[in-house]
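One structure is given here, and the rest of the page talks about it.
Protein chains in written order, with UniProt numbering: chain R, 1 to 615; chain U, 1 to 184.
Structural data, given as structure tokens:
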């Protein structure tokens, strides 16, 4: 008889979680019944990092601080996933893009919707998972007008009985996980400057790490650390400007010479251009407890037209390592200095330990918009390797001596010229849609794009709160005609193990499990399970609307393993459907829509949560 | 020579509105007022006669003038309308202007109000930011995108990457109200 089967798993999980708290509180022994019903209760304060080790739950959008999206659950495995059946569904009642990951804490699932950013608690202990409560932050409707790429939200984070997430009108909120009551709400940005917030926060100890969106509106990017108890802004680190604003101090030790020097956030820009220079922080935050460093990427510089901003445009299109308590910068690396193509640097940087050239290395794995899988030393920011995984015509590689991306001469965009055959196009070989990494096998699962574009620069006028782009683009499918690809990638070997061509860009997240199954969704509405080693399709299910959300897996209160995903097409890639754009114009959705003209014939809009289980 | 002069006169006669350049703004009273149009079909109480049409002369001021429409096309990029509604008007952050659907009305006065007052779900208010004459030029250009202007007034070419056929070749889209499921 297995260990698991002797006790209901949730009770077991509860006891495990309670143990550290019990010691602190002098040996209180709540009954196991209490433990199972009160997991997120205020009386038990399980350490967030301990909770993250519990694969029965899903406590932060990216699963864990390392951003692996890897679950050790394996009741559903490559051998039986073909029998997966729909367990229950829930409609969000909204029709815009649903990019969030649901969270599961104890017996409750939490879903953050796109604007108007409702937080809904679903009771997993009851049949059909009925709604427990709904929290409505009431964001300003005007915020919809400055959201570049649909009114999406990428999810919440849980810690110590609280849920934290961002609203489109640039506030961060904390909500009591039991009652749905608002604990605090902090205004972080100004929609009149084009600032919105869409990213999923990460909680590190007593800090909620958040950042702004608005790279297409001439915002000045920043990340901030808020106090989890009060919502007070403990630090805010700008992505451009003087060192003092960027929280660069004496301990800042970037690896490459080009990132060393005083006030580069001012000196690598034309005068005052850094004040509207972008570098928004709208992607993923990861954390390594041993080094006590958070890692996050910065977005594109503004405007897209590079001729309006000569210089390296620090600290845009790069990655910062910072102290979570103070925000102090420790190192920085720039994926694409003087970005030419809107290749934001905000994709996830996964914390992993790898053997590189025979030596164990503590690394970050970053499948970037530029089309390379980067492997960085996470203590120093040194690039160990940058291997192409997409079709690239814009650069020839990364010089490992200088760390610098090597652009292809003649492909530079700018004033009054039309550059054709730019690959990857602005959304990159992979956009924000997060990959999953199995630390046991060293395999990375990349939701990829295969898009190229023509681009013509023109003078962008800065008017606060309006788009600041200066680039006309038309996108189209890359070689092969498939606009997306789901890629299985051996990180240590730097090799593609398998690639599954998809008609549309793969805009969903990925989850991979110890059962050798990887789950992802397609924009034409298929939720798929593939063999994690071979890419062989094992199961698929047609959902109501295209999938751009992040799938998760968890163990329900009944002890069964479940897989959940939000369907609801939209986002930048799906704006043609969610915003009902006119396909007769190639430039719709900043040029992306031109490549997606047949999406309306392949899916319709509407947000629905799907949960699957074995019979 | 005679036929040529005759032809020239004929062209001048038909095209005078199209070519006219005004160097002074129209007096405020000559401009159509937004209160003359409504965006809802519903009217409480007995259905009244439809509101009187604004004087054709004022409506035509920009709409029949090729210079005004081409200025509108330039300003559409200049004031970053293109960033939200796309270079060709197919939409993005904002709704399409190329199609038949109008959320807040298709009449020039409606569009004027949309630009100046803003709309609650994302359209900014440009009140005090764009000179009145230029707002009317924008209004005329916006209407040209869905083929609501005369063919000889709508722009026939672009100075930039073409992302759709020209405004002058656009077939008229008969305006209809947009059905909006969200928001309420």
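Note that the Cβ used here is the ideal one computed from N, Cα and C, for glycine as well.
Since residue i is in the beta strand (DSSP E), which residue starts that stretch and which ends it?
i	result
residue 355 of chain R	350-356
residue 222 of chain R	222-227
residue 377 of chain R	372-377
residue 69 of chain U	No beta strand (DSSP E) contains residue 69 of chain U, which is instead part of the alpha helix (DSSP H) from 66-78.
residue 418 of chain R	418-422
residue 172 of chain U	Residue 172 of chain U -> no beta strand (DSSP E), and no H or E assigned at all.
residue 362 of chain R	359-367
Counting only C-beta atoms, is residue i closer than 8 Å to chain R at any point?
i	result
residue 164 of chain U	yes
residue 110 of chain U	no
residue 87 of chain U	yes
residue 17 of chain U	no
residue 177 of chain U	no
residue 208 of chain U	This structure leaves residue 208 of chain U out entirely; chain U is present only between 1 and 184.
residue 78 of chain U	yes
residue 98 of chain U	yes
residue 128 of chain U	no
residue 120 of chain U	yes
residue 91 of chain U	yes
Would you please verify whether the beta carbon of residue i is less than 8 Å from any beta carbon of chain U?
i	result
residue 153 of chain R	no
residue 585 of chain R	yes
residue 566 of chain R	no
residue 350 of chain R	no
residue 607 of chain R	no
residue 141 of chain R	yes
residue 423 of chain R	no
residue 581 of chain R	yes
residue 590 of chain R	yes
residue 41 of chain R	Residue placement at residue 41 of chain R is flagged as unreliable, the pLDDT there being 37, under the threshold of 50; a coordinate-derived value is accordingly withheld.
residue 198 of chain R	no
residue 172 of chain R	no
residue 35 of chain R	Unreliable placement is indicated for residue 35 of chain R, whose pLDDT of 34 sits below 50; the coordinate value is still reported in the next sentence. Output row for residue 35 of chain R: interface = no.
residue 454 of chain R	yes
residue 161 of chain R	no
Could you name the residues of the same chain whose beta carbon sits closer than 6 Å to that of residue i, not counting the 5 residues immediately before and after it, in chain order?
i	result
residue 505 of chain R	449, 483, 484 and 573
residue 203 of chain U	It is not possible to answer for residue 203 of chain U, since the shown part of chain U is limited to 1 through 184.
residue 339 of chain R	300, 301 and 317
residue 92 of chain R	113 and 607
residue 89 of chain U	97, 98 and 145
residue 38 of chain R	In this predicted model, residue 38 of chain R has a pLDDT of only 36, less than 50, meaning its place in the structure is not dependable; the value taken from the coordinates is given anyway. So the list is empty, once near-sequence residues are dropped.
residue 95 of chain U	none
residue 351 of chain R	66, 286 and 288
residue 346 of chain R	282, 283, 297 and 299
Can you find the residues in the same chain that come closer than 7 Å, C-beta to C-beta, to residue i, ignoring five residues on each side of it along the sequence?
i	result
residue 78 of chain R	515, 516, 517, 531 and 538
residue 387 of chain R	372, 373 and 494
residue 616 of chain R	Outside the shown range of chain R (1 to 615) lies residue 616 of chain R, about which nothing can therefore be said.
residue 620 of chain R	The structure shown does not extend to residue 620 of chain R, since chain R is modelled only from 1 to 615, so the question has no answer here.
residue 421 of chain R	393 and 452
What is the residue span of the alpha helix (DSSP H) that residue i lies within?
i	result
residue 562 of chain R	Counting along the chain, residue 562 of chain R falls outside any alpha helix (DSSP H), though it belongs to the beta strand (DSSP E) covering 561-567.
residue 148 of chain R	No alpha helix (DSSP H) contains residue 148 of chain R, which DSSP labels as neither H nor E.
residue 112 of chain U	108-117
residue 600 of chain R	599-602
residue 329 of chain R	From DSSP, residue 329 of chain R is part of no alpha helix (DSSP H) but of the beta strand (DSSP E) over 329-334.
residue 293 of chain R	Taken as a continuous stretch (DSSP letters only), residue 293 of chain R belongs to no alpha helix (DSSP H), being part of the beta strand (DSSP E) at 293-297.
residue 576 of chain R	571-578
residue 545 of chain R	Neither: residue 545 of chain R is in no alpha helix (DSSP H) and is coded neither H nor E.
Can you find a heavy atom of the ligand FAD that lies under 7 Å from the Cβ of residue i?
i	result
residue 396 of chain R	Ligands in the displayed structure: none, and consequently the ligand FAD is not present.
Counting only the same chain and skipping the five closest in sequence on each side, list residues whose C-beta sits under 8 Å from that of residue i.
i	result
residue 398 of chain R	372, 374, 383, 386, 404, 405 and 406
residue 173 of chain U	98, 99, 100, 146, 147 and 148
Please report whether the beta-carbon of residue i lies at a distance below 8 Å from any beta-carbon of chain A.
i	result
residue 418 of chain R	Annotation note: the requested chain A is absent from the structure, which comprises protein chains R and U.
Q. Between the stretch 150-175 of chain U and chain R, which residues of the former have CB atoms less than 7 Å from a CB of the latter, in chain order?
A. 160, 161, 163 and 164
Q | Interface positions of the stretch 456-480 of chain R facing chain U (Cβ-Cβ less than 7 Å), listed along the chain | A | 456, 458, 461, 463, 465, 466, 467, 469, 472 and 474
Q.
By the 9 Å beta-carbon criterion, what residues does the stretch 63-76 of chain U contribute toward chain R?
A. none
(Q) Which runs of the alpha helix (DSSP H) at least 4 residues long sit entirely within the stretch 174-261 of chain R? Give them in chain order. (A) 243-246
Q. The stretch 121-147 of chain R: which residues have C-beta closer than 9 Å to a C-beta of chain U, in chain order?
A. 141, 142, 143, 144, 145, 146 and 147
Q. Can you give, in chain order, each stretch of the beta strand (DSSP E) that sits fully within the stretch 425-450 of chain R and has at least 3 residues?
A. 436-438 and 443-449
Q | Interfacial residues, the stretch 549-577 of chain R to chain U, with Cβ spacing under 7 Å | A | 575
Q | Contacting positions in the stretch 319-349 of chain R - beta carbon closer than 9 Å to chain U | A | none
Q) Residue ranges of each beta strand (DSSP E) run of no fewer than 3 residues wholly in the stretch 466-498 of chain R, ordered along the chain? A) 471-477 and 484-490
Q) Just by C-beta distance, which residues in the stretch 171-193 of chain R are closer than 8 Å to chain U? A) none
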